[in-house]
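Quick notes on the structure that follows.
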Amino acid sequence: MSFPTTRLRRLRTSATLRIMLRETQLTPRDFIYPLFCVHGRDVHEEIGAMPGVYHQSVDQLAGEAKEIAALGIPAVILFGIPASKDEIGSENYAANGIIQQAIKAIKDAAPELVVITDVCMCEYTDHGHCGIVREGRIVNDETLDVLARVAVSHADAGADVVAPSAMMDGMVRAIRSGLDENNYGDVNILSYAVKFASAFYGPFREAAQSAPQFGDRRAYQMDPANAREAIREARLDVEEGADMLMVKPALAYLDIVRRVRDQFDLPLGAYNVSGEYSMIKAAAAQGWIDEQRIVLETLTGIKRAGADVILTYHAKDAARWLNG
Ligand code: PBG
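Here the sequence shown stands for residues 0 to 323, where the numbers follow the numbering used here.
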């Protein structure tokens, strides 16, 4: 049956019909909201390239957590800026480190909120790399012990989910063993399984003060040109015990989101990263685009590509618009 009998416009004739037939439903429950935690008191400072996103001290987090939960957003992911950085990033696993304090403050204020922590080294090391450096190289296996120790310290503080983002081989297995040995069998691992070496992380590196001090991350993060390798990365993490997978960034990688969704049954996240956010905010500030429509269209696209959850700096605005 084809034209003129079949007319697809018939399905679009009224708003109610369109809503009824919509294939992808975006809701605030799809979002994970990133927070940048810093030492000090009364700190609430906007990040230059990320309007509407703030560095916040721990005392600010109770109010923030309640606001997020009230919007219907189920989860946050935490990034910390330590008081001082060193070669192996010791504050990363300190019992009173910035993230450990932040986890407790959020859990006290909004116990139902799922607290996810980023497990990596780049914010904590003086060289800004995601692993231990020996003679100018990022060494894999020694880094695994540190990542496991960080994950356990986050679990000690009350994290529900740890999200390793260092792109070290074997990191999921090392973290799973560390958690299980310490009786944290219930703590989930959301692996940044497929993470590309991307220029879209630019604004985040200002926000997290985590730019590498020499070289770049291409010896551990993936080449943006590779899709088959993305499947291998995801498969290894599934075998190592990941509970959920993530593809990052999102927008230039929607084909990867779809492939990973089709290939694996695990819950899948996509990270709508800082550069993707900044581009929309900058164009909207110029009056060149309609921010609300662009954001909702973008997030719908990520979900349609196959993501179950979306890590996004737009989460609070989008939730307000969707709840509107
Ligand atoms: C690593 C990490 C990065 C991001 C999240 N975790 C930066 C990097 O790999 O350089 C980027 C997130 C974003 O750009 O929004 N700890």
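No residue lacks a Cβ here, since even glycine has one placed at the ideal position from N, Cα and C.
Please read these numbers as outputs of a predicted model, since none were measured by experiment.
Q.
For A55, report the span of its beta strand (DSSP E) as first-last.
A. By 1-based counting over the sequence shown, the position of residue 55 is 56. What sits at residue 55 in the sequence shown is Gln, not Ala. Element bounds for Q55: M49 to S56.
Q. So what's P202 in DSSP terms, helix, strand or just coil?
A. Mapped onto the sequence shown, residue 202 falls at position 203. P202: helix per DSSP, three-state reduction.
Q) How about M335 and I188: are their beta carbons less than 9 Å apart? A) A question about residue 335 goes unanswered here, because the residues of the chain that appear run from 0 up to 323.
(Q) At the level of alpha carbons, what is the spacing between A61 and P248? (A) In the sequence shown, counting from the first residue as 1, residue 61 sits at position 62. In the sequence shown, counting from the first residue as 1, residue 248 sits at position 249. Answer to the nearest angstrom: the Cα atoms are 29 Å apart.
Q | Distance cut-off 8 Å: D117 Cβ against heavy atoms of the ligand PBG | A | As a first step, residue 117 is located in the sequence shown; it is residue number 118 there, counting from the start. Yes, Cβ of D117 sits closer than 8 Å to a heavy atom of the ligand PBG.
(Q) DSSP three-state label for E22, please. (A) Numbered from its first residue, the sequence shown carries residue 22 at position 23. Here E22 sits in coil by DSSP.
(Q) S273 and A48 - do their beta-carbons sit closer together than 9 Å? (A) Here residue 48 refers to the residue found at position 49 when the sequence shown is read from its first residue. Here residue 273 refers to the residue found at position 274 when the sequence shown is read from its first residue. Yes. Within cutoff.
Q. Taking the continuous alpha helix (DSSP H) assigned at H313, which residues delimit it?
A. Taking the first residue of the sequence shown as position 1, residue 313 is located at position 314. Taken as a continuous stretch (DSSP letters only), H313 belongs to no alpha helix (DSSP H), as it is neither H nor E.
**Q.** the segment 205-217 in contact with the segment 178-186 per 3-pair CB rule at 8 Å
**A.** no
Q. So, do the segment 212-223 and the segment 147-162 have three or more beta carbon pairs nearer to each other than 8 Å?
A. no
Q) Any heavy atom of the ligand PBG within a distance shorter than 8 Å of the CB on G274? A) Here residue 274 refers to the residue found at position 275 when the sequence shown is read from its first residue. Correct: G274 has its Cβ closer than 8 Å to the ligand PBG.
Q. Relative to the C-alpha of Y199, which residue among A104, Y276, L295 and L265 is closest?
A. Along the sequence shown, read from residue 1 onward, the residue named residue 199 stands at position 200. Going by the sequence as given, residue 199 is Phe instead of Tyr. For F199, the nearest C-alpha among the options comes from Y276.
Q: Report yes if the C-beta distance between I115 and A74 is below 9 Å; otherwise report no.
A: Taking the sequence shown and counting its residues from 1, the one referred to as residue 115 is at position 116. Taking the sequence shown and counting its residues from 1, the one referred to as residue 74 is at position 75. The answer is yes: Cβ separation under 9 Å.
Q: Identify whether T116 lies in helix, strand or coil by the three-state DSSP scheme.
A: As a first step, residue 116 must be located in the sequence shown, where it is residue number 117. T116 sits in a strand when the DSSP states are folded into three classes.
Q. Within 8 Å: the Cβ of R217 and any heavy atom of the ligand PBG?
A. The residue you call residue 217 lines up with position 218 of the sequence shown. No, the beta carbon of R217 sits no closer than 8 Å to any heavy atom of the ligand PBG.
Q. Should S1 be listed as close to the ligand PBG, given that the test is whether its C-beta is under 8 Å from any heavy atom?
A. Here the question's residue 1 lines up with position 2 in the sequence shown. In terms of side-chain proximity, the C-beta atom of S1 is found no nearer than 8 Å to any non-hydrogen atom of the ligand PBG.
Q: Figure out for me which residue from N95, A173 and E141 has the closest Cα to the Cα of D155.
A: Counting from 1 along the sequence shown, the entry for residue 155 is found at position 156. When each option's Cα is compared against that of D155, the closest is N95.
Q.
Please determine whether the Cβ atom of A165 lies at a distance below 8 Å from any heavy atom of the ligand PBG.
A. Looking up residue 165 in the sequence shown gives position 166. True, at least one ligand heavy atom lies under 8 Å from that Cβ.
**Q.** Cβ shell of L265 (< 6 Å), same chain only, five flanking positions each side left out
**A.** For the purposes of this step, residue 265 is taken as the residue at position 266 of the sequence shown. Excluding residues within five positions, the ones whose Cβ falls inside 6 Å are M243 and L244.
Q.
I need the straight-line Cα distance from G251 to R258, nearest angstrom please.
A. On the sequence shown, position 252 is the one that residue 251 refers to. On the sequence shown, position 259 is the one that residue 258 refers to. For the sequence presented, residue 251 should be read as Ala rather than Gly. Straight-line spacing of the CA atoms in A251 and R258 works out to 14 Å.
(Q) For L410 and L295, which I take to be in contact (beta-carbon distance under 8 Å), what is that distance rounded to the nearest angstrom? (A) Residue 410 lies beyond the residue range present for the chain, which begins at 0 and ends at 323; the question has no answer from this structure.
Q. Under the rule that 16 or more other beta-carbon atoms within 10 Å means buried, what is E90, buried or exposed?
A. Along the sequence shown, one-based indexing puts residue 90 at 91. E90 should be labelled buried.
Q | Neighbour flag for H153 against chain D, beta carbons, 9 Å | A | Reference to chain D is not applicable here, since this structure consists of a single protein chain.
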